[in-house]
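Plus 32 on top of the position in the sequence shown (first one is 1) and you've got our numbering.
For every residue, glycine included, the Cβ atom is placed at its ideal position computed from N, Cα and C.
None of these values were measured; they are calculated from a predicted model.
Structure first, then comments.
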Amino acid sequence: QKSTHCLSAPSAFRKNTNDSQDEKLPANKKARIAFDAIESMDASAYLSGVMREAKAMPNIFVAGNDTAEGSTLNETASDSPDKTMISPAQRNRTSIDGSVASLSYLLSKRSSIIPPPSIQHLPKVITSDEWSESVVSNFERLRGYLERSKAKGFGGKQTARKPLPTMKDRPSWHIFCVGVDEARGNSGAYFADDYDTTTNTIADEKHKDDDDDKTEDIPAWRKNLPEHGYEPSVCLLLQMDQVMVRRVLSHLAYYVNLGWSVTSGRRAEWIYALLARLEKPVHRDDAAVLFGLLKKLTMARSKIDPGETNRSNLAKLNVLIVIVGKYFEQAGSLHKIMTCE
């Protein structure tokens, strides 16, 4: 018997011995899959649940209006042995486009954008609308400057170019942008000093064979790597093509989703700089990355103490929220991200 599943599913959703009996039941009698744990469900379990739910759907849906014409259609459908009879109670139910799983996901906290919790989480100098317009205006000027610099040859093959990590090497790009300590959660030298951050080896082991000329090869981009990573300079940004810009941006967003702070190290600077190089309209994959990043940004903003005197981190978050939400149109409206509930 051939398997009908493209993806392997967890044991909770795998086909068991009772499935053959379940398939013999009418479609409206089949057990419905519960999606209460949608937030902790992995992709394979989600897809498996959707497929099971789709199989349980009846072959024919009848409108809720109990008219004579509807009754005739229902009776005609029941004449066929492979069609499902729709009861009057089912006909009176309001149908919802899409599956229950999709609806549960859209209504869960995983897809929510958190508005500012209080007025203290917004700029104090001018109104939010004026401040947002100023942020977007400055951002557009930066994008124009980068385009003009690119036209003049900055970052081209005829200029001095920095060696870069390979495009798909996510951990290396993280280190390249924020430095070894920040990338490994060792900001402030939490780990022992004898840990060599250049080659990831213990210092005593590194110097054990001083007379041996054969040393571990260090990637070119790791040589002379600044302590806090490289700054997103104009030449360095223009050295990247659009494919690399999109990939590096997704790398940094990945670590933000894992829990790394947006405001620590140079992470916010790099995200802002890469957004300045990202061309519009954005690809749907990039839009998904930006929307996920926007959710994390608004969540980080909501956790800031409103009484904190140092508002630099709050300013960084608000700038990125406006750029991603308004300029790249991921928030739907400015009201969602810059207005208190």
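Euclidean distance between Cα positions of residue i and residue j
{"i": "P197", "j": "K87", "result": "47 Å"}
{"i": "G185", "j": "V356", "result": "28 Å"}
{"i": "G202", "j": "H283", "result": "Here the sequence assigns Arg to residue 202, which means Gly is not the residue at that position. Going from the Cα of R202 to the Cα of H283 covers about 6 Å."}
{"i": "I369", "j": "A363", "result": "7 Å"}
{"i": "L366", "j": "S80", "result": "37 Å"}
{"i": "P313", "j": "N342", "result": "36 Å"}
{"i": "R173", "j": "E162", "result": "17 Å"}
{"i": "M73", "j": "G187", "result": "44 Å"}
{"i": "E85", "j": "Y78", "result": "11 Å"}
{"i": "P148", "j": "S334", "result": "6 Å"}
{"i": "R309", "j": "L322", "result": "14 Å"}
{"i": "R193", "j": "G176", "result": "22 Å"}
{"i": "S181", "j": "S76", "result": "46 Å"}
{"i": "K189", "j": "P195", "result": "12 Å"}
{"i": "N170", "j": "A183", "result": "20 Å"}
{"i": "K34", "j": "P338", "result": "With a pLDDT of only 48 at K34, under 50, the local geometry of the prediction cannot be trusted, and the value read off the model is given with reservation. Those two C-alpha atoms are separated by around 59 Å."}
Distance CB(residue i)-CB(residue j) smaller than 8 Å
{"i": "E259", "j": "G217", "result": "no"}
{"i": "E311", "j": "Q274", "result": "yes"}
{"i": "L325", "j": "I336", "result": "no"}
{"i": "I303", "j": "L281", "result": "yes"}
{"i": "L329", "j": "V277", "result": "no"}
{"i": "A332", "j": "L307", "result": "no"}
{"i": "Y286", "j": "C209", "result": "no"}
{"i": "K327", "j": "I145", "result": "yes"}
{"i": "V167", "j": "V288", "result": "no"}
{"i": "V266", "j": "L178", "result": "yes"}
Endpoints, the alpha helix (DSSP H) within which residue i is located
{"i": "L352", "result": "S344 to V354"}
{"i": "P203", "result": "R202 to V210"}
{"i": "E301", "result": "R299 to R309"}
{"i": "C372", "result": "Premise fails: C372 is in no alpha helix (DSSP H) and is neither H nor E."}
{"i": "D318", "result": "R316 to S334"}
{"i": "D161", "result": "S160 to A183"}
{"i": "Y286", "result": "Q274 to L290"}
Expected contact under 8 Å - CB spacing of residue i and residue j to nearest Å
{"i": "C372", "j": "S164", "result": "About 14 Å; that fails the 8 Å criterion."}
{"i": "L257", "j": "A300", "result": "L257 to A300, Cβ: 20 Å. No contact."}
{"i": "D320", "j": "P264", "result": "Looking at the sequence provided, one finds Ala at residue 320 rather than Asp. Not a contact, Cβ separation roughly 23 Å."}
{"i": "G291", "j": "E214", "result": "So it is not a contact: roughly 13 Å between Cβ atoms."}
{"i": "R316", "j": "M199", "result": "About 20 Å separates the two Cβ atoms, so there is no contact after all."}
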